[in-house]
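Residue 12 is where the sequence shown starts when you use my numbering, and the numbers rise one by one after that.
Backbone N, C-alpha and C define an ideal beta-carbon position, used for all residues, glycine too.
This one's a predicted model, so the numbers in the text were calculated from it and none came from an experiment.
Here is the structure we will look at, set down as structure tokens.
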Amino acid sequence: MDTLAMMLVTLPVTYPLVVTICGFDPIWFGIQLVLLCEIGMITPPVGVNIFVLQGIAPEVSQGKIVRGILPFFLLLLASVILFTFFPQLVLFLPTYV
């Protein structure tokens, strides 16, 4: 599913739950949502960006593309984990500016 469609389908349900009931910051939730959507776009089996890259360079195998995105996947995953445990990193600029 496309990122925009994914957000349009999930946000009407998840936003009120996460922000009003659970009390999380909307900026933090938006950052987490974008990072998680990006992880969904680059990971198999439905990683649309993998198929786009394979269409651009058909001579490169899908396995080689997946190995190439592995560092980016790990960085995105580390960011999600870091921002989950330390939301101050995301909220630093909006709080003090």
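Check                                                                                                                            : Outcome
Contact check, LEU64 vs ILE53, beta carbons under 7 Å                                                                            : no
Whether LEU87 touches ILE61 by CB criterion (7 Å)                                                                                : no
Distance CB(LEU46)-CB(SER90) smaller than 7 Å                                                                                    : yes
Within-7 Å CB hit, VAL101 to chain D                                                                                             : Within the model displayed, chain D is absent; a lone protein chain is all it includes.
Residue burial classification, VAL101 (beta-carbon count within 10 angstroms, cutoff 16)                                         : buried
Exposure of GLY58, with buried meaning 16 or more beta-carbon neighbours within 10 Å                                             : buried
Contacts around PHE94, its chain only, beta-carbon distance under 8 Å, and the 5 residues preceding and following it disregarded : TRP39, ILE42, GLN43, LEU46, LEU100 and VAL101
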